[in-house]
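Asks:
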Amino acid sequence: MKFYISTTGIKRLTISNSNSNSTAVKPPAPSSTAPHRRISTRSVLPLLLTLAIVLPFLFVRIAFLVLESAADCSSSPECSGWRFFSRDDASHSRLSEELSRALVDSKEGGSVGSEDGVGSFNELVNEMISKRQDMRAFALKTKAMLYAMEQKVKSARKRESVYWYLASHGVPKGLHCLCLKLAEEYAVNAKARARLPQPEYISHLTDPFFHHLVLLTDNVLAASVVISSAIRHSAAPQKLVFHIITDKKTYTPMHAWFAINSIDSVVVEVKGLHQFDWSEEVNNRVKDMLEIHRLIWKRHYNDFKDGKENRELDVLSSSSLSLLNHLRIYVPELFPDLNKIVFLDDDIVVQHDMSSLWELDLGGNVVGAVVDSWCGDGCCPGRKYSHYLNFSHPLILSNFDPDRCAWLYGMNVFDLEAWRRSNITSTYHQWLKHNLNSGLALWRPGELPPSMMAFEGHMQPIDPSWHVAGLGERPPQLLSKEVLEDAAVIHFSGPAKPWLEIGSPEVRNLWNKHVNFSNKFIKRCRIME
Numbered sequence: 001m002k003f004y005i006s007t008t009g010i011k012r013l014t015i016s017n018s019n020s021n022s023t024a025v026k027p028p029a030p031s032s033t034a035p036h037r038r039i040s041t042r043s044v045l046p047l048l049l050t051l052a053i054v055l056p057f058l059f060v061r062i063a064f065l066v067l068e069s070a071a072d073c074s075s076s077p078e079c080s081g082w083r084f085f086s087r088d089d090a091s092h093s094r095l096s097e098e099l100s101r102a103l104v105d106s107k108e109g110g111s112v113g114s115e116d117g118v119g120s121f122n123e124l125v126n127e128m129i130s131k132r133q134d135m136r137a138f139a140l141k142t143k144a145m146l147y148a149m150e151q152k153v154k155s156a157r158k159r160e161s162v163y164w165y166l167a168s169h170g171v172p173k174g175l176h177c178l179c180l181k182l183a184e185e186y187a188v189n190a191k192a193r194a195r196l197p198q199p200e201y202i203s204h205l206t207d208p209f210f211h212h213l214v215l216l217t218d219n220v221l222a223a224s225v226v227i228s229s230a231i232r233h234s235a236a237p238q239k240l241v242f243h244i245i246t247d248k249k250t251y252t253p254m255h256a257w258f259a260i261n262s263i264d265s266v267v268v269e270v271k272g273l274h275q276f277d278w279s280e281e282v283n284n285r286v287k288d289m290l291e292i293h294r295l296i297w298k299r300h301y302n303d304f305k306d307g308k309e310n311r312e313l314d315v316l317s318s319s320s321l322s323l324l325n326h327l328r329i330y331v332p333e334l335f336p337d338l339n340k341i342v343f344l345d346d347d348i349v350v351q352h353d354m355s356s357l358w359e360l361d362l363g364g365n366v367v368g369a370v371v372d373s374w375c376g377d378g379c380c381p382g383r384k385y386s387h388y389l390n391f392s393h394p395l396i397l398s399n400f401d402p403d404r405c406a407w408l409y410g411m412n413v414f415d416l417e418a419w420r421r422s423n424i425t426s427t428y429h430q431w432l433k434h435n436l437n438s439g440l441a442l443w444r445p446g447e448l449p450p451s452m453m454a455f456e457g458h459m460q461p462i463d464p465s466w467h468v469a470g471l472g473e474r475p476p477q478l479l480s481k482e483v484l485e486d487a488a489v490i491h492f493s494g495p496a497k498p499w500l501e502i503g504s505p506e507v508r509n510l511w512n513k514h515v516n517f518s519n520k521f522i523k524r525c526r527i528m529e
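Dropping the structure here:
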């Protein structure tokens with residue numbers, strides 16, 4: 001059997017068989033109506049592309065013609081001759097000159113008001129068309145709208161800074177509750193008043209064989225996180241000796257916390273500022289230091305209030321007036337019997353063993369700090385000197401480089417023997433006097449700017465992996481998972497501290513995992529809930 005199919009379509013089908021007669025089967029007669037054609041996508045695509053190109057052009061052209069109608073047309077018949085794809089040169093030149101003149105007039109104009117209450121650009125265009133206003137009126141109204149919008153943006157940013165300032169420097173209810181509960185415990189529980197450290201560990205406080213870590217803080221919860229994280233990741237926790245210096249109001253709850261939650265073989269000393277017996281000379285120098293810092297803060301506050309200060313409100317942090325922060329420059333006087341210490345801020349978390357820090361050779365320098373960055377050449381781990389110092393003043397410009405990276409404060413190694421041989425503390429006070437005599441304009445508020453100046457020539461850079469900062473900035477620095485994991489110490493520097501509601505949830509868990517949420521005092525105060 002054989003099939004014969006015509007190439008022009010199945011008009012005839014012949015089936016033949018060699019053993020029988022051929023039989024032809026004819027299809028029905030073709031219909032008198034022509035078959036329907038389908039639209040090909042090949043013909044539709046060029047059409048769509050053409051429309052996509054032409055329609056935006058037409059839309060923009062029509063929009064310009066509508067705006068020009070107020071200046072070129074006074075009646076509908078006069079506008080009937082508009083040409084969409086060409087214009088005479090005289091009309092184009094006249095429009096450009098009029099628009100330029102209107103912009104110049106509006107720039108040279110006086111005060112800007114809210115013209116007729118126009119609230120949006122669409123309303124402005126409709127008003128231009130309906131009232132047949134000229135280009136000068138259009139420029140003036142546009143200027144008024146942009147000015148009003150700019151003022152709203154500035155006001156919103158200032159309010160945001162104020163809200164952040166209040167949120168970042170207020171004491172959370174949970175932390176306040178914790179201090180009250182611990183102070184009560186100190187009064188009724190003899191264990192909370194136990195001696196710190198225990199008598200058998202007193203000798204460790206000055207023994208150079210041990211690793212001495214210093215914290216100056218009035219935050220009980222933050223201090224507990226620093227110490228618990230350091231102990232957890234230490235290869236030899238029995239060699240750690242923690243020295244906590246706090247103020248008089250926080251001494252009772254701080255002592256109670258570490259007396260109740262003591263860890264075997266780990267030495268923790270809690271000492272209040274009221275327990276130090278300093279000479280009158282040192283007391284007077286400390287008072288002078290605090291007064292000058294208060295005057296610097298007040299000057300910047302007045303500039304901000306008067307609209308002269310364009311920088312963020314974070315410079316007016318209450319920490320700029322904190323005695324505990326400024327006493328860092330007196331660490332040799334605080335610990336006269338120690339030779340080498342690791343200084344830690346209370347907003348850090350220790351992630352790796354730090355034993356090798358006490359073996360670092362500082363090359364005769366006083367402080368070891370991170371300067372080079374994990375992000376490559378030309379990228380500072382913190383900020384540049386130009387962020388802290390006023391390089392418009394010749395005294396600053398002649399002594400420092402504005403593009404130099406500032407070293408990080410918050411995890412530092414101090415050689416106290418080398419410090420005592422130097423004149424760093426005296427240099428610090430000299431710069432304070434220079435600032436006072438220069439109208440308090442040499443640097444922004446805070447303890448870091450004068451410290452960088454005093455330690456000039458006495459700082460030894462250490463490996464960047466020792467200290468990664470900026471986790472408390474807004475937004476937090478974009479750090480890779482590998483950088484965070486490799487860092488020995490992560491620092492929540494910035495206003496968004498991890499114990500605050502404004503703390504970044506992306507990195508807060510790195511701090512939360514060292515909080516003992518099973519503690520009865522933390523449960524009662526519902527901390528971090």
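Counting from 1, position 85 in the sequence shown corresponds to residue 85 in the UniProt record's numbering; the numbering is continuous, with no gaps. Each residue gets a CB set at the ideal place from its N, CA and C atoms; glycine is no exception.
1) Reducing DSSP to helix, strand and coil, say where residue 211 ends up.
2) In terms of residues, what are the limits of the beta strand (DSSP E) holding residue 269?
3) Do the CB positions of residue 494 and residue 470 come within less than 8 Å of each other?
4) Among the candidates 451, 406, 487, 393, whose CA atom is the shortest distance from the CA of residue 427?
5) Is residue 513 helix, strand or coil by DSSP?
6) Using 8 Å as the cut-off, can you tell me whether the region 270–281 makes contact with the region 203–213, which would need three or more C-beta pairs spanning the two stretches below that distance?
7) Can you tell which of 264, 259, 234, 270 has the C-alpha that lies nearest to the C-alpha of residue 242?
8) What residues in its chain sit with their C-beta under 7 Å from that of residue 384, if we drop five residues either side in the sequence?
9) Can you tell me which residues form a DSSP beta bridge with residue 459?
10) For residue 460 versus residue 399, is the C-beta spacing smaller than 8 Å?
11) So what's residue 282 in DSSP terms, helix, strand or just coil?
12) Could you say which of 187, 333, 219, 448 lies nearest to residue 282 if we only look at CA atoms?
13) With DSSP as the reference, please indicate the residues paired to residue 415 in a beta bridge.
14) Determine, using beta-carbon pairs with one atom in the region 287–295 and one in the region 229–245, whether at least three such pairs fall under 8 Å.
15) Tell me, which residues are paired with residue 466 by DSSP?
16) Residue range of the alpha helix (DSSP H) that residue 491 falls in?
17) For residue 434, which of helix, strand or coil comes out of DSSP?
18) Going straight from the alpha carbon of residue 522 to that of residue 387, what length do you get?
19) I need the DSSP call for residue 300, collapsed to helix, strand or coil.
20) Looking at C-beta atoms only, is the number of pairs between the region 505–515 and the region 157–174 that lie closer than 8 Å three or more?
21) Below 8 Å CB to CB, which residues in the same chain sit around residue 422 once its five sequence neighbours on both sides are set aside?
22) Spell out the partners DSSP gives residue 242 in its beta bridges.
23) Run the CB neighbour count on residue 223, radius 10 Å, all protein chains shown included, and call it buried at 16 or more, exposed below.
24) Could you check whether the Cβ of residue 508 sits closer than 8 Å to any Cβ belonging to chain B?
25) Hey, which unbroken runs of the alpha helix (DSSP H) at 4 residues or more fall wholly within the region 167–208?
26) With residue 260 as the anchor, note down where its alpha helix (DSSP H) starts and where it stops.
27) Is DSSP giving residue 520 helix, strand or coil here?
28) Going by DSSP in three states, residue 408 sits in which element: helix, strand or coil?
29) Output needed for residue 177: all residues of its chain with C-beta closer than 6 Å, excluding positions within five of it in sequence on either side, in chain order.
30) Measure from the alpha carbon of residue 141 to the alpha carbon of each residue in 123, 349, 183, 418, then state which is nearest.
31) I believe residue 234 touches residue 500 by the beta-carbon criterion, under 8 Å. Please report the beta-carbon distance rounded to the nearest angstrom.
32) Are the CB atoms of residue 186 and residue 194 nearer to each other than 8 Å?
Replies: In this structure, then:
1) Translated into positions along the sequence shown, residue 211 becomes position 211. Strand at residue 211.
2) Position 269 of the sequence shown, counted from the first residue, corresponds to residue 269. Taken as a continuous stretch (DSSP letters only), the beta strand (DSSP E) holding residue 269 covers 267–272.
3) The residue you call residue 494 lines up with position 494 of the sequence shown. The residue you call residue 470 lines up with position 470 of the sequence shown. Yes; because the gap between Cβ atoms is below 8 Å, this pair is in contact.
4) For the purposes of this step, residue 427 is taken as the residue at position 427 of the sequence shown. Per the Cα distances, 451.
5) Taking the first residue of the sequence shown as position 1, residue 513 is located at position 513. Coil at residue 513, not helix or strand.
6) no
7) Indexing the sequence shown from 1 puts residue 242 at position 242. Ranking 264, 259, 234, 270 by Cα distance to residue 242 puts 270 first.
8) Numbered from 1 along the sequence shown, position 384 holds the residue referred to as residue 384. Same-chain partners within the cutoff: 402, 403, 404, 405, 406.
9) The residue given as residue 459 occupies position 459 in the sequence shown. Answer is 367, bridged to residue 459.
10) Taking the first residue of the sequence shown as 1, we reach residue 460 at position 460. Taking the first residue of the sequence shown as 1, we reach residue 399 at position 399. Contact flag unset, no.
11) Counted from its first residue, the sequence shown places residue 282 at position 282. Note: residue 282 maps to helix in three-state DSSP.
12) For this step, residue 282 is matched to residue 282 along the sequence shown. Comparing Cα positions, the closest option is 333.
13) For the purposes of this step, residue 415 is identified with residue 415 of the sequence shown, where counting begins at 1. Partner(s): 340.
14) no
15) In the sequence shown, the residue the question calls residue 466 occupies position 466. Answer is none; residue 466 lacks a bridge partner.
16) Counted from its first residue, the sequence shown places residue 491 at position 491. No alpha helix (DSSP H) contains residue 491, which is instead part of the beta strand (DSSP E) from 489–491.
17) Numbered from its first residue, the sequence shown carries residue 434 at position 434. Note: residue 434 maps to helix in three-state DSSP.
18) Within the sequence shown, residue 522 is the residue found at index 522, counting from 1. Within the sequence shown, residue 387 is the residue found at index 387, counting from 1. One C-alpha to the other measures close to 39 Å.
19) Reading the sequence shown from its first residue, position 300 is the one you call residue 300. Helix at residue 300.
20) no
21) Here residue 422 refers to the residue found at position 422 when the sequence shown is read from its first residue. Counting only Cβ-Cβ distances below 8 Å, and skipping sequence neighbours, we find 366, 458.
22) Within the sequence shown, the letter at position 242 stands for residue 242. DSSP output for residue 242 lists 213, 268 as bridge partner(s).
23) For this step, residue 223 is matched to residue 223 along the sequence shown. It counts as buried.
24) Given the protein chain composition of this structure (a single chain), no chain B is represented.
25) 173–188
26) For the purposes of this step, residue 260 is identified with residue 260 of the sequence shown, where counting begins at 1. That run of the alpha helix (DSSP H) goes 248–260.
27) Position 520 of the sequence shown, counting from 1, holds the residue named residue 520. Residue 520: helix per DSSP, three-state reduction.
28) Sequence index remark: in the sequence shown, residue 408 carries index 408 (1-based). Here residue 408 sits in coil by DSSP.
29) If you number the sequence shown from 1, residue 177 lands on position 177. Cβ within range, chain order: 525.
30) Walking along the sequence shown from the start, residue 141 turns up at place 141. Comparing Cα-Cα distances from residue 141 to each of 123, 349, 183, 418, the minimum goes to 123.
31) Looking up residue 234 in the sequence shown gives position 234. Looking up residue 500 in the sequence shown gives position 500. Rounded, the Cβ-Cβ distance is 28 Å, inconsistent with contact.
32) Walking along the sequence shown from the start, residue 186 turns up at place 186. Walking along the sequence shown from the start, residue 194 turns up at place 194. No, these two residues do not count as a Cβ contact at 8 Å.
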